[in-house]
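Student: Here it is: the structure, laid out below.
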Amino acid sequence: MRKTLLSVFCLLTLLGCASLPTVKDMVREPVDTQKPPKMTGPRGPLSPRESRAIIERLKRQAGSTDILESYVALMEAISGSPLVTGNRVTLLVDGPATYAAMTEAIQSATDHINFETYIFDDDEVGRRFADLLLKKQAEGVQVNLIYDSVGCLNTPAAFFQRLREGGIQALEFNPLTPPIMWRWLTHRDHRKILIVDGKVAFTGGVNISGVYSKSLSGRSEDEDAPESWRDTHVRVEGPAVAEFQKLFLDTWVRQKGPELSRKEYFPQLKQEGKDLVQVMGSTPGQPNRITYMMYLSATNFAEKFIHLTNSYFVPDRQTLKAFSYAASRGVDVKLILPGSSDEKLVWHAGRSHYTRLLKSGVKLFELGGTVLHAKTAVIDGVWSTVGSTNMELWSFLRNDEVNAVILSRDFAAEMEAMFQKDLSESNQVLLEQWKKRPLTSRLTEWFARMFSHWL
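Counting from 657, one number per residue, gives the positions in the sequence shown under my numbering.
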């Protein structure tokens, strides 16, 4: 849902070409996969014995896979983001389920609501959320909102002014003012985070917009009717909520937001379930590009299958190599990608890589009848991620992004069921048929690929 800015391409070329890291750059000492990972829970840091027991339990559930020890050890060395035990993660498929769960949580708020979103539209859905937030503010619940200036470019200033007049602290991320106009192009807040009372958090790909108001089951057969948007969100309860809170408050401080009201932002959190969660927050300027390394390392350590769904897919060389190598060693690599897109240039640039992926054994599928906006993956029946990160350089290099990584067999089973449902509604791209596509398509893909660094 970003705006493709071809009109400013000349300016983009002046901004320099940032690059993505490699595992070799990030890890200069051997990673010890036998060392118990560092974990924290409701009572604080776990002992090495407790941490090892959790990993062993996951291994018994998932069967033979190297992703647990290897991925956990590598990401611990790279990210510093803790593995947090004692959580319950609920999968939310599409806008209606997400909005219903978010509304219920907001209505129950008694202390504060911290809300961070890329898009907050002035439409039926946006106004409904605005009215609810104003109602809670009037009841004495402090509402703090971060919205992105570009993402909300089409939302009238009066919409947010009304929120401010009602007492809500509304902070515009990197406003479009001439002195920092370059940030319009290079640093956006693409995160979607909602935290209620410091006890429940939401994250994923769903913005606040009417395009998500219809589920896939409600898709119309009328060709002229607006397409529904396919997306995924999660609800998190437990100690990992504090990690989302830290990200929100850090962004507030970096954006020089006004002093926040004194609220209980970090209440004592109890165990809510058995899901192991790692909150991955990435921002430009950090050398680890954590969400990029998250995807790359999980792909490299997969042993059974990689089932990934992504809306804006323009892979770099390392990602292409990782997928190809995984397929060559017998991993079942299936990617669900959009059959059409609101970002045509991105779509064509991504399709320019299909031939190489198909030749390497990667299976490609395109989801039709909807605008795909989800960013999810499930690997080896135990590793899952849901978040805001697209698999393209713009997302990895220039956006604030956030993904939740969930290590849980039960949650992975839900993710796999969701993937299989999407797969049943997708068309497989076969190599022999792909080779026969028109010359105009090939030329369009070639042209779009030239812009890959800015997509």
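Glycine included, C-beta positions come from ideal geometry on N, C-alpha and C.
Bear in mind that the values here come from a model prediction, so they are computed numbers and not experimental data.
Taking all protein chains shown into account, decide if residue 1094 is buried (16 or more other Cβ within 10 angstroms of its Cβ) or exposed.
Tutor: exposed
Student: Do residue 694 and residue 752 come within 9 Å of each other at the CB atom, strictly closer than that value?
Tutor: no
Student: With a Cβ-Cβ cutoff of 9 Å, do residue 775 and residue 907 count as a contact?
Tutor: no
Student: Pull up the CB-CB distance for residue 1105 and residue 893, whole angstroms please, since I reckon it's below 8 Å.
Tutor: With a Cβ gap of about 43 Å, residue 1105 and residue 893 do not count as contacting.
Student: Taking its Cβ as the centre, do 16 or more other Cβ atoms sit within 10 Å of residue 829, making it buried, or is it exposed?
Tutor: buried
Student: Give the straight-line distance between the Cα atoms of residue 847 and residue 1090, rounded to the nearest whole angstrom.
Tutor: Distance between the alpha carbons of residue 847 and residue 1090: 35 Å.
Student: Could you name the residues that DSSP lists as bridge partners for residue 803?
Tutor: 773, 828
Student: What residue from 851, 807, 825 has the CA that sits closest to residue 832's CA?
Tutor: 807
Student: Identify the residues that DSSP records as bridge partners of residue 781: which are they?
Tutor: DSSP, once it has assigned bridges, lists no residue as partnering residue 781.
Student: How far does the alpha helix (DSSP H) with residue 748 in it reach, from first residue to last?
Tutor: It is not in any alpha helix (DSSP H) - residue 748 instead sits in the beta strand (DSSP E) that spans 739 to 749.
Student: With a 10 Å radius around its C-beta and 16 neighbouring C-beta atoms as the bar for buried, classify residue 898 as buried or exposed.
Tutor: The residue in question, residue 898, is buried, as its Cβ has 16 or more Cβ neighbours within 10 Å.
Student: Can you look up residue 1107 in the DSSP assignment and give me helix, strand or coil?
Tutor: coil
Student: Would you check if the distance between the CB atom of residue 849 and the CB atom of residue 772 is smaller than 9 Å?
Tutor: Their beta carbons are under 9 Å apart, which means residue 849 touches residue 772 by this criterion.
Student: Do residue 862 and residue 1060 have their beta-carbon atoms positioned less than 9 Å apart in this structure?
Tutor: no
Student: Mind checking which residues open and close the alpha helix (DSSP H) that includes residue 936?
Tutor: Where residue 936 is concerned, there is no enclosing alpha helix (DSSP H), although the beta strand (DSSP E) it sits in stretches over 931 to 938.
Student: On the three-pair Cβ rule with 8 Å, is the region 949 to 958 touching the region 758 to 772?
Tutor: Touching, no.
Student: Within this structure, are the beta carbons of residue 822 and residue 793 separated by less than 9 Å?
Tutor: yes
Student: Go through its chain and collect everything with a Cβ distance to residue 965's Cβ below 6 Å, but skip five positions before and after it.
Tutor: Counting only Cβ-Cβ distances below 6 Å, and skipping sequence neighbours, we find 992, 1030, 1032.
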